[in-house]
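Trainee:
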Amino acid sequence: MAIQWFPGHMNKAKKAIAERAKSVDMVIEMLDARMPASSENPLLAQLSKGKPKLKILNKQDLADPERTKIWLEHYNSRPDTCAIALDSSETGAHGKITQACRAMIPHRQGIDKPLRVLICGIPNVGKSTLINGMIGKKSAKTGNEPGITKAEQRLFLADDFWLYDTPGMLWPKIIVEEGGYNLAAGGAVGRNALDEEEVALELLDYLRRHYLPMLQERYQADKDPSSHWDENVWLEWIAKKRGAVLSGGRINYQKAAENILTDFREGKIGRITLETPNQWETWLKKARQKEAELKAIREARKAERKGQKLRKHKECRLKNIFQAASLYSNRFQTAYPNPCRFSTDTRMTDKISPDALIEAALLTQTEPLTEKSMRELCVPPLSQDKLIDVLAQLKTRWQDRALQLVHTQEGWRFQIVQTAFERLGSLQEQRAPRYSRAVMETLAIIAYQQPVTRGDIEGIRGVAVSQNVMQTCRIGGGLKSSDIGTHWENPHCGRQRQRSSAIWV
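Position one of the sequence shown corresponds to residue 25 (my numbering), numbered consecutively onward.
#1: Identify the continuous beta strand (DSSP E) that holds Thr105 and give its terminal residues.
#2: Where does Val213 fall in DSSP's three states?
#3: Are the CB atoms of Leu227 and Ile135 nearer to each other than 9 Å?
#4: Would Gln522 be called buried (16 or more neighbouring beta carbons within 10 Å of its own) or exposed?
#5: Less than 9 Å between the C-beta atoms of Leu110 and Asn156, yes or no?
#6: Between which two residues does the alpha helix (DSSP H) carrying Ala117 extend?
#7: Which two residues bound the contiguous beta strand (DSSP E) that contains Gln522?
#8: Where does Cys144 fall in DSSP's three states?
#9: Starting from Ala280 and walking both ways along the alpha helix (DSSP H), at which residues does that stretch end?
#10: Which residue from Ile382, Gln123, Leu427 puts its Cα closest to that of Leu411?
#11: Looking at the unbroken beta strand (DSSP E) that takes in Met193, where does it start and where does it end?
#12: For the alpha helix (DSSP H) that contains Asn492, what are its first and last residues?
#13: For Ile41, count neighbouring Cβ atoms within 10 angstroms of its own Cβ and tell me buried if that reaches 16, exposed if not.
#14: For Lys197, which option in Ile481, His431, Met34 has the closest C-alpha, if you only look at C-alpha atoms?
#15: According to DSSP, which residues form a beta bridge with Val463?
#16: Would you report the Cα separation of Arg325 and Thr306, rounded to the nearest angstrom?
#17: Would you check if there are 3 or more beta carbon pairs closer than 8 Å linking the region 422 to 441 to the region 388 to 406?
#18: First and last residue of the beta strand (DSSP E) that includes Pro54?
#19: Thinking Ala87 and Tyr99 are a contact (beta carbons under 8 Å), I'd like their distance in whole angstroms, please.
#20: Between Thr122 and Phe185, how many whole angstroms is the CB-CB distance? I'm expecting something under 8 Å.
#21: Per DSSP, which residues does Asn344 bridge with? Please list them.
#22: Sort out for me which residues DSSP pairs Val476 with in a bridge.
#23: How would you write the range of the beta strand (DSSP E) that Ala380 sits in, first residue to last?
#24: Which residue or residues does DSSP assign as beta-bridge partners of His431?
#25: So Ala45 and Ser72 are supposed to be a Cβ contact under 8 Å. How far apart are they, rounded?
#26: Which of helix, strand or coil does DSSP assign to Lys36?
#27: May I have the straight-line CA-CA distance separating Arg335 from Arg341, to the nearest angstrom?
#28: Helix, strand or coil for Ile80, going by three-state DSSP, please let me know.
#29: Apart from the five residues just before and just after Cys125, which ones in its own chain have a Cβ nearer than 8 Å to its Cβ?
#30: Report yes or no: do the region 243 to 259 and the region 209 to 216 share at least 3 C-beta pairs separated by less than 8 Å?
#31: Tell me which residue opens and which closes the alpha helix (DSSP H) that Gln423 is part of.
#32: Grouping DSSP H, G and I as helix and E and B as strand, with all else coil, what is Arg335?
#33: Please state the DSSP three-state secondary structure of Arg44.
#34: Compute the Euclidean distance between the alpha carbons of Gln133 and Val48, then round it to the nearest angstrom.
#35: Could you check if Leu386 belongs to the surroundings of the ligand SAM, using beta carbon to heavy atom distance under 8 Å?
#36: Please report how far the alpha carbon of Ile440 lies from the alpha carbon of Tyr459, in whole angstroms.
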């Protein structure tokens with residue numbers, strides 16, 4: 025299970041940090057010394073880009089001192105970054121922090137040029153406790169649970185040292201699974217966002233591999249058999265040792281998990297650090313590879329859904345075409361009882377010659393056909409020389425007819441000869457005209473409400489009637505108009521009344 029926790033107040037804190045980071049001189053990021061990389065917020069690196077950073081490894085009294093030295097060297101090797109380790113409750117923490125900040129920004133001194141510092145960190149990292157110790161009074165709320173601080177506050181450590189405290193913040197997606205478990209084990213994640221038994225098992229698995237003597241000493245396990253125990257056996261052993269047993273001898277794994285996590289957070293198992301720089305690089309590389317694989321899967325699924333949608337759209341179009349063809353076929357059979365039918369024998373279709381197939385395609389397609397599409401129409405596809413021979417045959421065959429095969433910029437098509445085109449033009453003139461919806465509505469109103477004025481028509485339709493619409497209605501003498509002048513009750517109505525003529529009726 026991946027650990028994720030980003031409640032609403034953290035999103036608000038993200039916006040506040042982004043705004044405040046523009047006006048500060050440097051940024052302090054408090055890290056948990058037991059899990060420095062896991063507690064390092066990747067969002068902060070984006071929001072405070074270009075600002076000097078002081079990394080404070082807090083709770084060093086609970087962390088492995090040898091590993092803390094390694095982490096300090098790791099962070100101090102970064103440009104514009106300084107790292108120190110301390111415990112928020114220790115005396116002298118104030119001096120260490122202010123000294124490190126002034127050394128990084130030496131040009132900000134005095135009341136006129138105060139040093140403005142933004143302090144950030146994950147929830148429950150000890151930031152509020154550190155601030156209270158620095159200013160000598162309890163100005164920030166503290167507690168052994170995440171999410172205590174929920175609003176930004178400005179604190180004056182000195183006349184020339186301003187500190188902006190921000191709420192503890194995680195990030196929307198924790199991609200390193202081991203880092204999520206470490207944060208949960210350290211208490212940076214709300215209890216409603218984790219399974220304590222699962223987190224305890226992950227913690228025990230790491231401890232038995234890297235801190236086995238501390239684990240054996242804390243829970244009084246014999247060295248020989250416990251050296252080969254896995255995390256499940258360890259959890260059951262600790263449950264029995266701590267009395268987490270229900271009636272009937274059943275193990276209360278929830279209570280045992282809570283005891284283990286409490287012991288780790290309070291340092292009762294020993295001084296432990298749950299990661300090293302090399303381990304973190306390995307985890308991060310594996311997590312990024314997994315994210316890339318998941319992204320590829322999501323993209324493939326998205327493309328598949330898009331393809332399914334496109335195929336469904338094509339199927340619907342084909343279905344509509346077949347339905348229309350079936351409808352026209354039924355009408356054709358009704359008009360002609362003994363029509364000429366196409367053969368459904370597949371053997372006949374296999375014997376169709378290339379010139380006949382290409383001829384049929386040219387006659388039935390509304391757009392010109394390219395040479396490539398005509399070659400691929402045949403099975404197997406025709407060669408270029410064979411296609412030229414077929415086109416030459418077709419041109420010869422149609423030479424003395426009203427249709428001629430011609431080549432245009434778009435491709436090959438049949439075209440009507442000029443003499444036939446002039447005679448066929450008379451058929452187009454006899455075709456019934458097509459009227460717009462506005463014309464049809466106007467004609468209907470005149471037919472049912474006559475005599476009516478143009479203003480009456482506009483009142484019924486609810487829109488203005490253009491002059492073009494009225495002119496179209498008058499074509500062919502279909503309307504009769506009578507001049508009535510302007511109406512005194514409605515001066516905006518038309519000056520003529522319209523009625524249908526005898527020709528229209």
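For every residue, glycine included, the Cβ atom is placed at its ideal position computed from N, Cα and C. From a predicted model like this one, the values you see are computed outputs, not experimental measurements.
Mentor: Short version:
#1: Note, Thr105: beta strand (DSSP E), 105 to 109.
#2: Residue state, collapsed to three classes: coil.
#3: No. Outside cutoff.
#4: Buried is the call here.
#5: In terms of Cβ geometry, Leu110 and Asn156 do not form a close pair [threshold 9 Å].
#6: Where Ala117 is concerned, the enclosing alpha helix (DSSP H) stretches over 117 to 128.
#7: Counting along the chain, the beta strand (DSSP E) containing Gln522 begins and ends at 520 to 524.
#8: Strand, per DSSP.
#9: Element bounds for Ala280: 277 to 289.
#10: When only C-alpha atoms are compared, the closest one is Ile382.
#11: For Met193, no beta strand (DSSP E) encloses it, and the DSSP letter there is neither H nor E.
#12: Looking at the DSSP string, the run of the alpha helix (DSSP H) that includes Asn492 is 491 to 498.
#13: Buried is the call here.
#14: Ranking Ile481, His431, Met34 by Cα distance to Lys197 puts Met34 first.
#15: The partner list for Val463 (beta bridge, DSSP) is empty, contrary to what the question assumes.
#16: Straight across, the Cα-Cα distance linking Arg325 with Thr306 is about 29 Å.
#17: Verdict: yes, contact present.
#18: Position check: residue 54 holds Met in this sequence, whereas Pro was assumed. Following the DSSP letters along the chain, one finds Met54 inside the beta strand (DSSP E) bounded by residues 50 to 56.
#19: Going by Cβ atoms, the distance from Ala87 to Tyr99 rounds to 14 Å, so no, they are not a contact pair.
#20: Contact flag correct, Cβ pair sits at about 6 Å.
#21: Beta-bridge annotation (DSSP): Asn344 is not paired with any residue.
#22: DSSP lists Gln522 as partners of Val476.
#23: Ala380 -> not in any beta strand (DSSP E); alpha helix (DSSP H) instead, spanning 378 to 388.
#24: For His431, which the question treats as bridged, DSSP gives the partners Trp436.
#25: Confirmed, about 5 Å.
#26: Correct three-state label for Lys36: helix.
#27: Spanning the two alpha carbons is a distance of roughly 10 Å.
#28: Strand, per DSSP.
#29: Cβ-Cβ distances below 8 Å link Cys125 to Met50, Ile52, Leu78, Leu139, Val141, Phe185 in the same chain, with the five nearest sequence neighbours on each side left out; the list follows chain order.
#30: Counting Cβ pairs under 8 Å, fewer than three are found: no touch.
#31: Where Gln423 is concerned, there is no enclosing alpha helix (DSSP H), given that its DSSP letter is neither H nor E.
#32: Helix.
#33: Correct three-state label for Arg44: helix.
#34: When rounded, the distance between both Cα atoms is 14 Å.
#35: Questions concerning the ligand SAM fall outside what the structure shown contains, since it holds no ligand whatsoever.
#36: Their Cα atoms are separated by approximately 29 Å.
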